[in-house]
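Engineer:
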Amino acid sequence: MSKTRGRILIPLPNTGAMGRKRNNFYMRSLFLLALCIFGLLQYHNFNYLDSRDNVLGDTVTNDSDDAILAMVPATLHKYLTPHSRNHTISGAGSALLLNASSPGGVTATTLSFDVYHPPNITEIKRQIVRYNDMQLVLNEDTFGPLQNDSVIIVVQVHTRITYLRHLIVSLAQAQDISKVLLVFSHDYYDDDINDLVQQIDFCKVLQIFYPYSIQTHPNEYPGVDPNDCPRNIKKEQALISNCNNAMYPDLYGHYREAKFTQTKHHWIWKANRVFNELEVTRFHTGLVLFLEEDHYVAEDFLYLLAMMQQRTKDLCPQCNVLSLGTYLKTFNYYTYHSKTKKKSYASSLISTSSLLGYNRNNNNRNSVQLAGSSTYSSSSSAAQSSSTSSLKSAKVYVGDTTDNQKASDLKRDNTSIKRGNLINTVTATAATSDTNNEQSSKDSSNKNGAQTWNYHVLPSLYSVYQKVEVMPWVSSKHNMGFAFNRTTWTNIRKCARHFCTYDDYNWDWSLQHVSQQCLHRKLHAMIVKGPRVFHIGECGVHHKNKNCESNQVISKVQHVLRIARNSHQLFPRSLTLTVPSLMKKSKLRKGNGGWGDLRDHELCLNMTLSNR
Numbered sequence: 003m004s005k006t007r008g009r010i011l012i013p014l015p016n017t018g019a020m021g022r023k024r025n026n027f028y029m030r031s032l033f034l035l036a037l038c039i040f041g042l043l044q045y046h047n048f049n050y051l052d053s054r055d056n057v058l059g060d061t062v063t064n065d066s067d068d069a070i071l072a073m074v075p076a077t078l079h080k081y082l083t084p085h086s087r088n089h090t091i092s093g094a095g096s097a098l099l100l101n102a103s104s105p106g107g108v109t110a111t112t113l114s115f116d117v118y119h120p121p122n123i124t125e126i127k128r129q130i131v132r133y134n135d136m137q138l139v140l141n142e143d144t145f146g147p148l149q150n151d152s153v154i155i156v157v158q159v160h161t162r163i164t165y166l167r168h169l170i171v172s173l174a175q176a177q178d179i180s181k182v183l184l185v186f187s188h189d190y191y192d193d194d195i196n197d198l199v200q201q202i203d204f205c206k207v208l209q210i211f212y213p214y215s216i217q218t219h220p221n222e223y224p225g226v227d228p229n230d231c232p233r234n235i236k237k238e239q240a241l242i243s244n245c246n247n248a249m250y251p252d253l254y255g256h257y258r259e260a261k262f263t264q265t266k267h268h269w270i271w272k273a274n275r276v277f278n279e280l281e282v283t284r285f286h287t288g289l290v291l292f293l294e295e296d297h298y299v300a301e302d303f304l305y306l307l308a309m310m311q312q313r314t315k316d317l318c319p320q321c322n323v324l325s326l327g328t329y330l331k332t333f334n335y336y337t338y339h340s341k342t343k344k345k346s347y348a349s350s351l352i353s354t355s356s357l358l359g360y361n362r363n364n365n366n367r368n369s370v371q372l373a374g375s376s377t378y379s380s381s382s383s384a385a386q387s388s389s390t391s392s393l394k395s396a397k398v399y400v401g402d403t404t405d406n407q408k409a410s411d412l413k414r415d416n417t418s419i420k421r422g423n424l425i426n427t428v429t430a431t432a433a434t435s436d437t438n439n440e441q442s443s444k445d446s447s448n449k450n451g452a453q454t455w456n457y458h459v460l461p462s463l464y465s466v467y468q469k470v471e472v473m474p475w476v477s478s479k480h481n482m483g484f485a486f487n488r489t490t491w492t493n494i495r496k497c498a499r500h501f502c503t504y505d506d507y508n509w510d511w512s513l514q515h516v517s518q519q520c521l522h523r524k525l526h527a528m529i530v531k532g533p534r535v536f537h538i539g540e541c542g543v544h545h546k547n548k549n550c551e552s553n554q555v556i557s558k559v560q561h562v563l564r565i566a567r568n569s570h571q572l573f574p575r576s577l578t579l580t581v582p583s584l585m586k587k588s589k590l591r592k593g594n595g596g597w598g599d600l601r602d603h604e605l606c607l608n609m610t611l612s613n614r
């Protein structure tokens, strides 16, 4: 009987497809686990930032004097503390106080104190001549003489001392400010403003005074002459009445208003004064930076200006203007780069390129520079004045160049940036007042709207680059915090007739006309993407807000710069050039009017002559 052997199946080593599948499964599991851990870490990181910046965000709404002072070093509080001069109740320099608690009943007590008498026009004129003749440079013994390649900062000052105080505080905190010459150009003589300026001890200071102001000529040209033609009188009636300049209304049929013409006169006078008349600037070859009393600067603005100047040769040889201020609606400090509008948040986490940038939808020169609650004071032509304000939402990505609007485009976009739920967003919304001043027909109309002020903070996971862009100089975009040298000024001065006869009361529109119609080498600007000069003024020539001394915007600027400082966005180590995706050619436009008076033409031309 034969036995049948049973067959035992022995599995072979698994070295084929099944092994590969198992290994892939393990690898995928490990990858997903690592991704989950990374996601959790990012989630907790963003939550930490969210809680931290929510606390910081609370300070944005605190715009009290104490809160603003707390953001300023104690040594600089002296510039923010008003020291009003003593004024008396009676002309004799004494005041009567009734004392009802005296034993004999009500008695009168006389208190004597110093009486401040504001200077009259004759005295003001005498002081202006004295200051302009002396050309006294304050603090020169402390900081030494002006170097030929040093920066000169020229501040145009009118009457808004509160804003001027904050500008001075911001200048005092800037790196290398001790090397500059700070020139204050006044078109209004005020003892309180003079005391404030002469109190500056952190750099060399010089005051110059525009000698043809409305203040010193209240009843004669260039002020308001009693025989001047009324603004809205018809030319036929003006000729019959034989009022001044009846033959030459502006291109919209209106006659001059002194309060509008003064700013253009002052600008050309101060530029000529600094470049061609002051002894201290006789051999100066460096940059002259133009600011106004309601500007505010970042602490690295001089550092960045020097870096831009050094890089013009290789980044933009044709650039003859450097601009540190930009007009924007939404300001993103510490955001990251997205090359396409469809790039997802998840994919952007992998990217290591970020920048100090913003979406910039341009408005007129008086718009607030950090999309805060503000008053927009615009100067627009007749065709543009018909534009209506609109509010709309749009996704904005860094790198977008949707700022190629017309120079006087009055559309306002209420823009929000959406990068995903993990981005911390601090938003403050306030009502703003938008004034479209149609100077071409010079009719004012007020429009109210809402503005949203945003900034975004991301962790320091990403490297940061400071970006600049180059484009032809546009008056309504690049007229804040811009600088040029003597060579550029000499070319502008040769075109003085184009500037002085162009029928537009705006100095910046007139300068753009010079660039387009006269200069062989047109004005071309290098503009910093992350602004270093901000506009904090809520009231301007054309509009008076209910609260012209509001601390709200000042508080926001301080807070934004604090965020930038803490996240290491200031003092970049390099510059990166970006080119706008769309470059619309600036169209030639007729002026905004207000400059048809031949007396204005003649005075302007005379102020471009060198008296050195």
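The sequence shown lines up with residues 3 to 614 when you count with the working numbering. Glycine included, each C-beta is placed from N, C-alpha and C at the ideal position.
Any chance the CB of Q129 is under 6 Å from a heavy atom of the ligand ADP?
Structural biologist: The ligand content of the structure shown is nil, which means the ligand ADP is not present either.
Engineer: Quick one, are the C-beta atoms of R313 and L577 less than 7 Å apart?
Structural biologist: Result yes, Cβ atoms of R313 and L577 sit closer than 7 Å.
Engineer: Report the start-end ranges of each alpha helix (DSSP H) in the segment 122-207 that is 4 residues or longer and not cut off at the edges.
Structural biologist: 123-136, 142-145, 163-174, 193-200
Engineer: Looking only at C-alpha atoms, which of T490, I170, F145, L304 sits nearest to Q320?
Structural biologist: T490
Engineer: If we count Cβ pairs, one from each stretch, closer than 8 Å, do we get three or more for the segment 205-219 versus the segment 176-187?
Structural biologist: Enough Cβ pairs lie closer than 8 Å, so yes.
Engineer: Got a sec, what are the start and stop residues for the alpha helix (DSSP H) Y305 sits in?
Structural biologist: 303-317
Engineer: Closest by CA to E219, which one among V153, I126, Q201?
Structural biologist: Correcting the residue identity first, residue 219 is His in this sequence and not Glu. Minimum Cα distance to H219 is reached at I126.
Engineer: Am I right that D296 and Y165 are in contact with their C-beta atoms under 8 Å? What's the rounded C-beta distance?
Structural biologist: That pair is a contact at about 4 Å.
Engineer: Excluding the five sequence neighbours on either side, which residues of its own chain have a C-beta within less than 7 Å of the C-beta of E301, listed in chain order?
Structural biologist: Same-chain partners within the cutoff: Q175, A176, Q177, L572.
Engineer: Helix, strand or coil for I565? Go by DSSP, reduced to three states.
Structural biologist: helix
Engineer: Where does L611 fall in DSSP's three states?
Structural biologist: coil
Engineer: From the DSSP output, in three-state form, read off E500 for me.
Structural biologist: It is His, not Glu, that sits at residue 500 in the sequence shown. Helix at H500.
Engineer: For S612, which residues from the same chain have a beta carbon less than 6 Å from its beta carbon, with the 5 sequence-adjacent residues on both sides left out?
Structural biologist: N278
Engineer: Since I155 contacts L198 with CB under 8 Å, what's their CB separation in whole angstroms?
Structural biologist: Between L198 and I155 the Cβ distance is about 16 Å, and since that is not below 8 Å, they are no contact.
Engineer: Identify the continuous alpha helix (DSSP H) that holds A273 and give its terminal residues.
Structural biologist: 260-278
Engineer: By the three-class DSSP mapping on this structure, what secondary structure does S356 have?
Structural biologist: Unreliable placement is indicated for S356, whose pLDDT of 28 sits below 50; the coordinate value is still reported in the next sentence. Here S356 sits in strand by DSSP.
Engineer: Cα separation between R233 and I216?
Structural biologist: 17 Å
Engineer: How many whole angstroms separate the CB atoms of V157 and L293, which I take to be in contact at a CB cut-off of 8 Å?
Structural biologist: About 5 Å; that satisfies the 8 Å criterion.
Engineer: Examine the Cβ distances between the segment 469-484 and the segment 519-535 and report whether three or more of them are shorter than 8 Å.
Structural biologist: Taking 8 Å as the limit for Cβ pairs, the verdict is that the segment 519-535 does touch the segment 469-484.
Engineer: Could you name the residues of the same chain whose beta carbon sits closer than 6 Å to that of R258, not counting the 5 residues immediately before and after it, in chain order?
Structural biologist: D599, listed in sequence order.
Engineer: Is E295 helix, strand or coil by DSSP?
Structural biologist: coil
Engineer: Mind reading off the beta-carbon distance from R488 to T287? Whole number of angstroms is fine, and I expect it under 8 Å.
Structural biologist: That belief holds up - the Cβ atoms of R488 and T287 are roughly 6 Å apart, short of 8 Å.
Engineer: Where do the N-terminal and C-terminal ends of the alpha helix (DSSP H) with K80 fall, by residue?
Structural biologist: 79-82
Engineer: Check the C-beta distance from D189 over to H160 and give it rounded, since I have them as a contact under 8 Å.
Structural biologist: 6 Å
Engineer: Out of curiosity, what's the CA-to-CA distance linking S557 and I70?
Structural biologist: 6 Å
Engineer: Taking its Cβ as the centre, do 16 or more other Cβ atoms sit within 10 Å of M29, making it buried, or is it exposed?
Structural biologist: exposed
Engineer: What number of angstroms, rounded off, separates the C-alpha of L357 from the C-alpha of K261?
Structural biologist: With a pLDDT of 26 at L357, under the threshold of 50, the predicted position of this residue should be treated as unreliable, and no value is reported.
Engineer: Is F486 closer than 7 Å to N247 when the C-beta atoms are compared?
Structural biologist: no
Engineer: Based on Cα-Cα distance, which residue from H256, V559, S325, D227 lies nearest to N594?
Structural biologist: H256
Engineer: Taking only beta-carbon positions, decide if R233 is within less than 7 Å of chain D.
Structural biologist: Among the chains in the structure shown there is no chain D, since it carries only a single protein chain.
Engineer: Within the same chain, show all residues whose beta-carbon is closer than 6 Å to that of G107, passing over the 5 residues directly before and after it, in chain order.
Structural biologist: Reliability of the predicted coordinates at G107 is poor, the pLDDT of 48 falling under 50, and the value obtained from them is presented with this limitation in mind. Nothing meets the Cβ criterion.
Engineer: Which residue or residues does DSSP assign as beta-bridge partners of P474?
Structural biologist: DSSP, once it has assigned bridges, lists H526 as partnering P474.
Engineer: When you compare only the Cα positions, how much space is there between Q200 and T77?
Structural biologist: 16 Å
Engineer: Taking the alpha-carbon positions, what's the K80 to H515 distance?
Structural biologist: 42 Å
Engineer: Using the Cβ count rule (16 or more neighbours within 10 Å means buried), how would you classify G532?
Structural biologist: buried
Engineer: Does T287 come out as helix, strand or coil in the three-state DSSP assignment?
Structural biologist: coil
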